[in-house]
Each structure stands twice: as structure tokens, then as C-alpha cells.
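Please read the structure below before turning to the comments.
Chains as they are written, first to last, in my numbering: chain A, 2 to 504; chain B, 1094 to 1395; chain C, 30 to 307.
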């Protein structure tokens, strides 16, 4: 036995020494193996994989640069492969950063290049011209990414449905009045439509001080309605990320401000959060189901009956008037009801805010209730740790993508994106995209402030609490509203990004 | 003769050893070392300083303490234990019952064996997708939901909540593994000499007594193996966990927990994930070694 | 007495048939739904498809690059399994025939590695592979060979213990060299356990997802399971594209099922042999 132990010991020593040698010669000392490409792009935007690949081929033919492309969807697993690639000897020169949440990691490890230190003149121009509220930055000074596109969300509505609900009205004027209406008017409007759906009662509604009358009869289209809102109850991100984000637009001007929020600022959110709960309560109490109205309960959070696909299906099959989604939903709706995508418009997500709830500089209740969140979901970042030649190629590629005719053609026509640097007069193929652009042109936008707090907070903590404890309850009380608000604020303080604790 | 073999010992075993060293041992030791550092995946980060040198980022047992205090890790641990206990018991019972039945019929045994073994051929990911569909749509809508054939709440929406996915996983795993374990039991049963049974019958023993005093003891070696295999597989289960719930509602098993720990914080805490992985290894080692020693001892007694 | 026996028999057969249907039902579901559109799968998942539309199978096969990935997975599996079989049998043989303390310790080392969960070595292993330029298919094969060693060495060790030395000793006296000894004398005797080793290793290598994911990632040459994973990831941001998943899964398991059905007897014998001889 003693001999076994001696041998085991010797063996372990050998292994240990071998391992030490290995850890010693880490990535810094490794010479990059032969590369069979000139530019390596890692992109995590899943909707456009085929078109993106086609675009890279177009670039290759035009410039003679060989591109290595690694694409993955933007879902849960995209960070793992990215980390592996960033940790290897052949790192991507261009990679995706999905907003402030992911910037932290790359900024701490100095992997992302500050675009203010770029070398190619056209690129410096491009980076400087990004609108201030769309820049990817932690402190407002450094600039870390070129936006892929902009996205926006709100209540999507089919103009045809509105026309048939209010046959005697001028539909564009009506839509505009809904946009500008107060929360009270909107609430009454929803109740009136709901009564119409359930009991065929036709009443008058007041929107933006103008009066409109509901149709006396039901048409083939409006017959299908079972509720006002199509809600994907099983998808937490619709209410804890997106709807919550609208609320945060009353407090913060941009994600960086949210990230650096002090305790006092966070405490001041209570009012807005309580109003959020009231709006969420109202919305989920007027939800559309497959055959009739859908109410909160076990079915509401069930992935079989209430996931994203089902919610989209219900809306595309005319069972609901509104669905709170963004322009990414266009491709899904198109698969079911292609005609509809030519008539879709976005309306703001309204909340019963009082002036005292608004804590954001430059924001007031009217502007809040007539704006939609518009933000950049994904940025192109340049790797700080690749060779200067690769960085130069990366800059040239991004310039080409955003300024050349071919590049812009791909962005607007093939990817169906809204370019972040859109010209005021640009008209886009999809009506939702046009709608978003109109909000941008009128400066009626809210930021993606929720990027200033970790995803754990919005989805795993607050979202889970909402889903498990509230979405299954048919009735909410005022103290429920306040409890959730307190809970959300308390957890934000606990789950803040580490380097902000010292405020 | 021994000298002959001794001469060739190193060449014969050499390649295996080198492969083993490179692929398993060295990464394992390095992993253990990294678990004592502030490893963030692509860099090390200690005291607000970025470094690529692991030796200057050593944090002692911090990662281990953090892991033990990590609520998600503890939950995953308990969840895994609950799951493993239930799954191992159910698989064993099902496998044994069907082995008993199959050894008693004369025709068609081969066909049934083939059918029961088939689930084992499928990979975890593909399986997970199919069963996710079954639980969410077939169970919840067609069979057991409120509009289904018979409304059984316990079998509806099995991918939601905390306990139901556990049952769902058990059903899945039993479906997948019972056939394989059944084959082992069949072999074990076939190895029991029939004269033992005949002698017992002559002595007037009932079927139940025969089972208890002959079958069970003689099956002890098979039992050891089945127990070992199922214990290890259930404890380490990953693919099916990902496919079924992906850890929602606190349904992470340990393997998934370790995989996701880096994404729970930013920057990703790979040091803690590695510490969790080492703890995981120690747990598995203790559990399986204990099991083998105990069952071997029982074998000898029998 | 006869009627009681018959009754017992009928009960047994009924139970077996019910369980067989239960066991096969997911596979049946898979086949039925591989021919339906997404909407149809949603609305009538358990019915026969209204038309046996092959277009979903074809588009799924295209999406997952079926021919290429099948071929790649096949090559990886065959080469890895061959390496594992040869190396582990040689190592086990050496350790059984040479009863030194060293061989005992080495054996323990090989076997205890079965307990090491993949997570513990995952990250450093990939890092090492990157340094050694092994993040490609040859590297993948080497890794599979390494991971398959533990179980295979264990199985061979148990089996070889029961083979008497006398045959080999006679051959040595007759002047056989080590290669002839191994290949012509020992290896044929190992046939039953070799089949077990081949089957067990082939199964997990063919179906493995995590290792190819970490090593190959989204490279242009992926294994079958990896293609399935990426096809799902890329084609659905939210929700599950059942009309892609079902045919893709079906098409990737058909090869294994076919091979299994052809070689059933060997499978069953192999698994059982491996189990008891320990």
C-alpha cells in the first residue's frame, strides 16, 4: 500500500507540474495560428442570418476581403460561444453587444475599443454622428458601438380594424387622437371597445377632446374580436422588460443614468411603479383569448396557451385590437396574415402617471403618454485586442455598411431594419417601421432604460414575481400595486451592477 | 512471462496515458487551480485590476464560500437530490418489473426487448424537444388538460412550476433508461440457475418467498451496476434539463446550474462556476463510491 | 392450473403491449408531425397528417445540411470509436497482465475519471485546445478518445481478467511478438466486450451536443446534433418552430434506429455482457 501511495504521489506531481506549465503559458504568450480570413465578424442577430451572410459575400466580391462569419440567435446561449471566441487566439474583430447589459463585461476586460480612438477618418465621422441618446456608453464620453438598427415597440394596431370599429371617422385623425389622448380617455376607450366586443353596445368615446362613435353593428372583421389586448402571459419579458421599461422612461433619460442611479433616485420610482401596476392590471384584465376573453390565472402564464407565438397568432387572426410588441414581430405576423403588415401602426403604452411621478429631466405626462420606446437592440463593437490591421478592416467594413449604397440597401430592404441614421424623409417598406420613424422625427421617444439594470432583475426576479404571484391572481388591490413597487426597488438595489454600489 | 509483459507495459499503456493526461487530468487540475482564482472567462479580475496572470488573481477559498452561499447553487443541489432519489427508485422498479415479466414469456421476448431499448438510442437534446412538445401540448391540451379526455391537474402544464417539471423529468428519464436497465436485469435473472427454484418449490416455498430469498439476492451484482449507472446519470443530467425547462422556475439541476453560473453575473464569474464544478465532482465521487462500497458489501453477504 | 397459467400469460402480454405502445408513442408522434405545417401541428398534434407532405422533411434536411453533417458525424464517430477500442484494450491488457502497484494506481486513475463531470474540465480543456490549435474536427476526435477511455478501460479490464493467461503464454513460447500476441490471440477473444464498447461509445458520441458546441461552435462543418441545435436557435427568436424541429430530429435519428434494428442481437448481447462481467 505504501508503494501505491508513493507512486500516486509521483504521478500527481507530474500532473501538477504539467498543469503549471500550461497555466503559465497562457493566451498572451500564444502566437496566433494561421488565419484563413481577413476579417472575423461575430453577429448575434438571429432574424437576418441568411441576408447577413449574403451581404458579407457582396462585400467580399466588392473589396476582395475574406470574411469569416459566425452568427447566432440573440437568445440565452449567445454569450457562451462569444466568450469562447473572445478567449481564443483568433478573436473576432467585430462582435455584437446587446446594449449596456453586455458592455460591462467587455469594458472591464478592455476588449472593446473606444470608438473615439479610431483611426479611419470616415469611421470617426460615422461614430461621432451617432445621435447622443443612441450611443453605447457608460459615462457619456466613451463610445463603444455602431448600432445595427433601431427598434421600437408599443401597441400595434391594424388600421383596418379601427376603420371598421369607427366607420364614420377619419381613421388617420382617430389614430393620431389616440396617440395624443390622456390615460383616462384611453382607459374609457378600452372599456367602451370591450363592452362593444362583449355586448354589442355602441357608445361614444372621447379621445384628445374629440368625440367618436363606435359602429352599431359588427363586420366580418370585428366579429372575431374576443378582447382588446393580446397578451403573451407566459413571456415574462413582455411585462417585466418591455412594459416596465416604459415606466422607467418617466424616471431616467437613458440607460447610463439608470445604471448610475442613486438610492434616493431609486426610491423616487415608487409612484411611477405603482402606476405601472395599475396599467398592467387594467391591460391584463381586458385580454383576448382564443374563444372569449382571457383572464388572469393558471392558463394566463401557460406556455401552451399564452406564449409569444399564440399571442401573435391571436392578433394576426383579428381576435385582439392591440398587441404590445415591436417591429420585430412583423416577420411573425407576416407568416400568418401578410396583408395585415401593410396596415400596422404603433400606439404609445399609456400609464396613469401624475406629474409628481415623473422624475426625468425634460419629461412631462403628455409627452410620456404619447411616446414609444425607441432604442438600439444590438451594436457592432470593435475588438480592442486584435491587431491594428484587423481593426482598420473592421472600421472600413462598418463605414461601408452604413454609408454605401449597397450596404444601406441591405439594411433597409433585405434586413427590413430601420437604420439608426435614417434620413427624415425615408419611407420604409413595412408600415410599422414607418410608424416608428414618425415618432423619432417628432422626438417622441423613450429610452431603453431597463438596460441599466441586470437582466436578472427584470426577468428572473421582478418578472418571476409578477408571473408567479400576480398573473395568477384574478384581482389586484392597491396594496398589491405598492408591494410590487417596493419589491422592485428593493431588488434593484441588491442586483445593481457591482461598480455602482459606491454611490 | 511476467518480465515479458513488464517490458511492454509502458508502450501499451503509453498512448492511453498521454491522451488521458491531456484531455482529462490536466484540464481538471487546471480547473481546480482556477477555482481558487478570480477567473472571469477571458480575463482575471481581482481588486478592480485586470490581469491575464492567474497567479496574481488568487482569492483562496472565496469562490467556494460564495458557491455554498449561492442560493441558486443550493437550490440546484436539493433539486438534483430530489430528482435523483425519485428517478433511481422508479427506474429500478420499472426495469425490474419488466425484466421479470419478459423472462416469463416465451414468444416475442426479443421484440419487446428491442422496443423497450429503443428510447436509449436517442440523444438528450432531440429527446428533450420531443417530450417538451408532449408535455406542453399532448398532455396539457389533448389528454389531461381541462378540455382533454380526463382532467388531471397534476399532469397538466408539466413544464411550469417547480415540482411538476421534476415529475416530467422523471417520466422522461424513466422512458429513456428503463429499457437499458431492464436488459441488465434480464441477464442477471437468466444467470440464476433454475435448480435453485426447483429445490425451493420442492421445499414448498411460495412464489413470493422464492422471489425474496432467491431472486433478489442473486440479482445483487446486477443491482449494483444498475444503481451505479442510474445514480451517476441522473446526478449529471443536463441535455434533457435544458430542453425541457431550461432552468426556469428554479428547476435547474446541478449540471445546468454550473453551466449558467457565468451568465448570472456580469462580468461572468467563471471562478465560482469552477468551484461549483469541483464541489459537484466531490459530491458525485462520494455518492457513487459510497453506493458501490455498500452494495458490494451486500453482494458479498448474499 | 392451466387456466391460471393462461390468465397470467394474457395479463403479462397485455401489460407488455400497453407499455410498448407507450414507449413507441413519442417516436410515432415524431413521425406523424414531421409531415405537418406549424399551424397543423399546433391544432391537431395527435392526428395523422392531412397530407403526407414531404416538403418539411426536405427543407429540414437542407436547413441542417443533412448529407454533410451526417457524413462528418459518421467519420468522427468511427475514428473516435476505433481509437478508443484499440487504445483502451491495450491499456487494460497491460494493466491486467502486469500486476504491479503502478498498474493498480493507473487503473484506479482511469476509472475514477468516470466520476469527473464534464463541467469540471470543460473550460480549461477548451482553452488548452485553443492553444494547441485543436479547436477543430481532429481535436474533437482526440477529445472523444480521451473521454471514452475511462469506461472502456473499465469494461476491458473486467473482461480480460477472466481470460486465462495460458493461451498467451503458449503463444509467447511459440515465438509470437507483441503485435501478433495482441492482434491474433487476444483481440479475437475480446469480441463480445468490444461490441459493447463500440456500441456504448458510438451512442454517446453520435448524440453528443455540448462538446461539439464548445469545440466547433458555428463553424461551417458541424455534427448532426449541432446542426439541429443551431437550426433551432437561428430560426426562432421566440417560440418553437415545431415544423422544423420534428423533421430535423426524425432525420437525425433514423440512421441510428436503422443500424440498431439491423444489429439488434449484437446490441443486446453486448450490453448484457458488459454489465455482468465486472
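Glycine included, every Cβ here is placed at the ideal spot set by N, Cα and C. Keep in mind it's a predicted model, so treat the numbers as computed, not measured.
Quick check on this structure: which residue in the options has the alpha carbon closest to the alpha carbon of residue i?
i	options	result
residue 208 of chain A	A:181, A:230, A:215 and A:233	A:181
residue 1190 of chain B	B:1209, B:1176, B:1172 and B:1158	B:1209
residue 1151 of chain B	B:1369, B:1157 and B:1139	B:1139
residue 166 of chain C	C:247, C:277 and C:189	C:247
residue 217 of chain A	A:226, A:168, A:284 and A:228	A:168
residue 1145 of chain B	A:224, A:443, A:88 and A:229	A:88
residue 201 of chain A	A:211, A:179 and A:225	A:225
residue 221 of chain A	A:318, A:282 and A:138	A:318
residue 493 of chain A	A:423, A:475, A:264 and A:273	A:264
residue 443 of chain A	A:455, A:456, A:459 and A:426	A:426
residue 1322 of chain B	B:1114, B:1290 and B:1181	B:1181
residue 1339 of chain B	A:299, A:461 and A:471	A:461
Taking the straight line between their C-alpha atoms, what separation do you get for residue i and residue j?
i	j	result
residue 338 of chain A	residue 1135 of chain B	46 Å
residue 384 of chain A	residue 97 of chain A	10 Å
residue 404 of chain A	residue 349 of chain A	31 Å
residue 1270 of chain B	residue 1185 of chain B	10 Å
residue 64 of chain C	residue 86 of chain C	7 Å
residue 1202 of chain B	residue 297 of chain C	12 Å
residue 1158 of chain B	residue 1380 of chain B	22 Å
residue 1165 of chain B	residue 455 of chain A	17 Å
residue 502 of chain A	residue 260 of chain A	Interpretation of residue 502 of chain A is limited by its pLDDT of 44, a score under 50 that renders its predicted location unreliable; the figure taken from the coordinates is listed afterwards. For residue 502 of chain A and residue 260 of chain A, the distance between alpha carbons rounds to 10 Å.
residue 241 of chain A	residue 359 of chain A	19 Å
residue 210 of chain C	residue 1133 of chain B	51 Å
residue 546 of chain A	residue 178 of chain C	Since the first residue of chain A shown is 2 and the last is 504, residue 546 of chain A is not available in this structure.
residue 55 of chain C	residue 240 of chain C	26 Å
residue 195 of chain C	residue 219 of chain C	16 Å
Starting from residue i, find everything on chain B with Cβ-Cβ shorter than 9 Å and list it in chain order.
i	result
residue 111 of chain A	1136 and 1143
residue 142 of chain C	1113, 1117, 1118 and 1121
residue 332 of chain A	Chain B residues near residue 332 of chain A: none, gap ~22 Å exceeds 9 Å.
residue 58 of chain C	1223, 1226, 1227 and 1231
residue 117 of chain C	1109
Chain B partners of residue i, CB-CB under 8 Å?
i	result
residue 212 of chain C	Simply none; closest approach about 13 Å.
residue 291 of chain C	None at all; the shortest Cβ gap to chain B is about 11 Å.
residue 84 of chain A	1134, 1135, 1355 and 1361
residue 17 of chain A	1122
Put residue i into one of helix, strand or coil per three-state DSSP.
i	result
residue 396 of chain A	helix
residue 1144 of chain B	strand
residue 159 of chain A	strand
residue 1361 of chain B	coil
residue 225 of chain A	helix
residue 1258 of chain B	helix
residue 338 of chain A	coil
residue 384 of chain A	strand
residue 202 of chain A	coil
residue 30 of chain A	Because residue 30 of chain A carries a pLDDT of 42, less than 50, the predicted location of this residue cannot be relied on, and no value is offered for it.
residue 213 of chain A	strand
residue 449 of chain A	coil
residue 238 of chain C	coil
residue 1132 of chain B	strand
residue 1203 of chain B	helix
residue 419 of chain A	strand
Residue i versus chain A: which residues are under 9 Å apart at the beta carbon?
i	result
residue 43 of chain C	Within chain A, no residue comes near residue 43 of chain C; the closest Cβ sits about 32 Å away, beyond 9 Å.
Applying a beta-carbon distance threshold of less than 9 Å, which residues of chain C neighbour residue i?
i	result
residue 71 of chain A	246, 247 and 248
For a contact defined as C-beta to C-beta under 8 Å, what are the partners of residue i on chain C?
i	result
residue 4 of chain A	130
residue 1290 of chain B	By Cβ distance, chain C contributes nothing, its closest Cβ being about 16 Å from residue 1290 of chain B, past 8 Å.
Determine the chain A residues that contact residue i at a beta-carbon separation under 7 Å, and present them in chain order.
i	result
residue 155 of chain C	85
Can you pull the chain B residues whose beta carbon is under 7 Å from the beta carbon of residue i, in chain order?
i	result
residue 150 of chain C	1117, 1120, 1121 and 1124
Fill in: Ordered list of beta strand (DSSP E) runs contained in the segment 123-201 of chain C, each at least 3 residues
none
Discussion item. At 4 residues or longer, what runs of the alpha helix (DSSP H) sit wholly inside the segment 66-141 of chain A?
Written reply: Taking 4 residues as the shortest admissible run, the segment 66-141 of chain A contains the following complete alpha helix (DSSP H) segments, listed from N- to C-terminal end: 80-87, 101-109 and 122-129.
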